[in-house]
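The sequence shown begins at 1061 in this note's numbering and counts up one residue at a time.
A quick write-up on the structure given underneath.
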Amino acid sequence: MSAALEDTIVAIGSGSGGALRGVIRISGPDAFRCVEPWLELRETPATFGRRSAMAAALAKVADRQLACDLYYWPDDRSYTRQPSIEIHTIGSPPLLEELVAAACRHGARMAEPGEFTLRAFLAGRLDLTQAEAVLGVIDAEGDARLKQSLAQLAGGLSSPLAEARRQLLELLAHLEAGLDFVEEDIEFISSAALCAQLQDAQRCVEQSLMQLSGRDAGEKAIKVVFCGAPNVGKSSLFNAVLGESAAIVADLAGTTRDTLQKSIVIGGEPVALIDTAGREEVAAGPQQSAQRLGSDQVSRADLRIICFDASRAATDAEWRLWNESPEDRRLLVLTKGDLATATITAGITTSVATGAGIAALRAAIAEKLAALPAADDATASRCRASLEQATNSLAAALNAAQCGLGEELIAVEIRMALSELGRVVGAIATDDILDVIFSRFCIGK
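And the structure:
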């Protein structure tokens, strides 16, 4: 992103489409000069220009005046640490675009995607993980993802790491001071204190790595859902693939009345295996709730294991489920292969009684999952890699300290750990990473 940070930028800050209220956002050294020619304040607070303020105003649009509210923040109070203005008025897209054009005619330029948040990051208002969390809040689908992004925005991951990094910087300063006076009998930090502080830092980084991995596994586990008609053997097959008797199995139809989820690793990927109630054309009583839960899981599945009973002909409803499922997200499995009488040749034939086909099914699931498009997980992957490298460097530093291998080697490993932690908390960031992150924002953020 080749943004000139001393330019004054402007953009529509509210959502696309018409609305009761719309927002124009302006930030930069000349923010107020860009609106003075076409915006008349109805009142001017005594502290205006020195403190945050709100004032009623009239904007000149064509040959008319438009009532609006102006919000002003001086540089030490604003999101970007630059003088910033927001104009709140009627949320008509053509009207908002005309106000943006007016600001551009008087010295502002259109903001690039994410440029407001980039300026906040460069000014120290946000670290890199918090900047990405802004985008996460905007794009969140569901309460879990929203809570995760809000925690990240509040510093849930970066705060303890920033403290660990600060302590490591102090530790490195002691070590380098000792190296400067290596010929003199001065001990800036004892061996015991050095090891204790390295252990504390390593523990903090490992806990953050576990927190990130656990959060990520909950969000990113691929959903593989077993579905089909009642009593086709879904639960038995679920248990066989899982390798344990988690689901209740009986000869009676309708045994499964709730969804059951278990975690497993298939093909190196964390997978959530989900067993559902048999799909019926008509269901009454508790089965109605089971059908609703099952349908919800099937609709959100990354891969559907559609089960047909090989001991009988498939019904129209079963074929409809198959035909309605996306081709790259479905897998046909014939259960009760040891009792097969049907003439279906497609799919994978299995038998829980004999164990036939279970390994082939697991392999087919792994193949299907490998073909799925990769999820957009740049933040977690980048953070995880840096935390793993920081952990390794701290472990090497601790080992060097315990073995008395010399302060030079310890200092080298600490510097490497600091570099990786700096990437996580945003103290160190390359231009290409910044481009990737902030280009994903909309214009007015």
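Built from N, CA and C at the ideal position, the CB exists for glycine as well.
Bear in mind that the values here come from a model prediction, so they are computed numbers and not experimental data.
Member of the options whose CA lies at the smallest distance from the CA of residue i
i: Glu1265; options: Arg1475, Ser1076 and Gln1449; result: Checking the sequence, you will find Val at residue 1265 rather than Glu. Checked all of Arg1475, Ser1076 and Gln1449; the closest Cα to Val1265 is Gln1449.
i: Gly1184; options: Ile1150, Thr1140, Lys1120 and Ser1219; result: Thr1140
i: Arg1444; options: Ala1419, Arg1483, Glu1468 and Leu1065; result: Arg1483
i: Asp1356; options: Ser1219, Thr1319, Ser1323 and Arg1389; result: Thr1319
i: Ala1300; options: Thr1149, Arg1422 and Ala1224; result: Arg1422
i: Ala1122; options: Ser1251, Ala1161, Ile1086 and Leu1101; result: Ala1161
i: Asp1136; options: Ile1147, Ser1087 and Leu1126; result: Ser1087
i: Ser1385; options: Ile1084, Phe1298, Val1393 and Val1358; result: Val1358
i: Leu1080; options: Arg1124, Ala1461, Leu1155 and Leu1099; result: Leu1155
i: Ala1064; options: Leu1381, Arg1124 and Glu1175; result: Glu1175
i: Pro1097; options: Lys1120, Ser1076, Arg1380 and Ala1171; result: Lys1120
i: Arg1085; options: Pro1220, Leu1159 and Ala1456; result: Leu1159
i: Lys1428; options: Arg1360, Leu1186 and Leu1391; result: Leu1391
i: Glu1146; options: Ile1249, Phe1298, Gly1082 and Ser1251; result: Gly1082
i: Lys1405; options: Val1284, Ala1171, Gln1267 and Phe1368; result: In the sequence as presented, Lys is not what sits at residue 1405; that position holds Thr. For Thr1405, the nearest C-alpha among the options comes from Phe1368.
i: Ala1374; options: Ser1251, Ile1249, Ser1305 and Val1292; result: Val1292
Residue i, DSSP secondary structure in three states
i: His1234; result: helix
i: Lys1396; result: coil
i: Ile1474; result: helix
i: Leu1432; result: coil
i: Pro1330; result: strand
i: Phe1286; result: strand
i: Phe1181; result: helix
i: Glu1468; result: helix
i: Leu1156; result: helix
i: Val1095; result: coil
i: Leu1065; result: coil
i: Phe1298; result: helix
i: Ser1323; result: strand
i: Phe1248; result: coil
Per-residue burial, residue i [other beta carbons within 10 Å of its own, 16 or more giving buried]
i: Asn1383; result: exposed
i: Leu1239; result: exposed
i: Glu1157; result: exposed
i: Glu1201; result: Because Glu1201 sits at a pLDDT of 47, beneath the cut-off of 50, its placement in the model cannot be relied upon, and the following sentence gives the value as read from the coordinates. Exposed, because fewer than 16 other Cβ atoms sit within 10 Å of the Cβ of Glu1201.
i: Ala1091; result: buried
i: Val1325; result: exposed
i: Gly1328; result: exposed
i: Gly1073; result: buried
i: Cys1463; result: exposed
i: Thr1149; result: buried
i: Leu1394; result: buried
i: Thr1451; result: buried
i: Glu1223; result: exposed
i: Gln1015; result: Any answer about residue 1015 is impossible in this case: the structure gives the chain only from 1061 up to 1505.
i: Arg1364; result: buried
i: Ala1460; result: buried
i: Glu1378; result: buried
i: Ala1431; result: exposed
i: Gln1267; result: exposed
i: Gly1078; result: exposed
i: Gly1354; result: buried
i: Leu1465; result: exposed
i: Ala1127; result: exposed
i: Ala1256; result: exposed
i: Ala1456; result: buried
Short Cβ contact (7 angstroms threshold) for residue i with residue j
i: Cys1287; j: Ile1366; result: yes
i: Leu1447; j: Leu1258; result: no
i: Ala1477; j: Leu1454; result: yes
i: Arg1169; j: Asp1067; result: yes
i: Ile1474; j: Leu1232; result: yes
i: Ala1180; j: Cys1094; result: no
i: Ser1152; j: Trp1133; result: no
i: Ile1282; j: Asp1362; result: yes
i: Leu1481; j: Arg1225; result: yes
i: Leu1221; j: Val1485; result: yes
Neighbourhood of residue i by C-beta, 8 angstroms cutoff - its chain only, sequence neighbours within 5 removed
i: Gly1397; result: Ala1370, Thr1409, Thr1410, Ser1411, Thr1414, Ala1416 and Gly1417
i: Thr1401; result: Ala1370, Ser1371 and Arg1372
i: Asp1129; result: Met1114, Ala1115, Ala1116, Ala1117, Ile1147, His1148 and Thr1149
Neighbourhood of residue i by C-beta, 6 angstroms cutoff - its chain only, sequence neighbours within 5 removed
i: Ser1138; result: Ser1144
i: Gly1303; result: none
i: Arg1263; result: none
i: Val1309; result: In this prediction, Val1309 has a pLDDT of 49, which is less than 50 and means its spatial position is unreliable; what the coordinates show is noted afterwards. Hits under 6 angstroms: Ser1295 and Ser1296.
i: Gln1321; result: Ala1332 and Ile1334
i: Ala1420; result: Ile1408
i: Leu1101; result: Ala1115 and Ala1117
i: Val1070; result: Ile1086, Val1160, Ala1163 and Ala1168
i: Leu1099; result: Ala1117 and Ala1119
Proximal residues to residue i (C-beta, below 7 angstroms), its chain only, five neighbours per side dropped
i: Glu1467; result: Leu1235, Gly1238 and Leu1239
i: Asp1311; result: In this prediction, Asp1311 scores a pLDDT of 48, lower than 50, which makes its location untrustworthy; no coordinate-derived value is stated.
i: Ala1533; result: The question about residue 1533 has no answer here: the residues shown for the chain are numbered 1061 through 1505.
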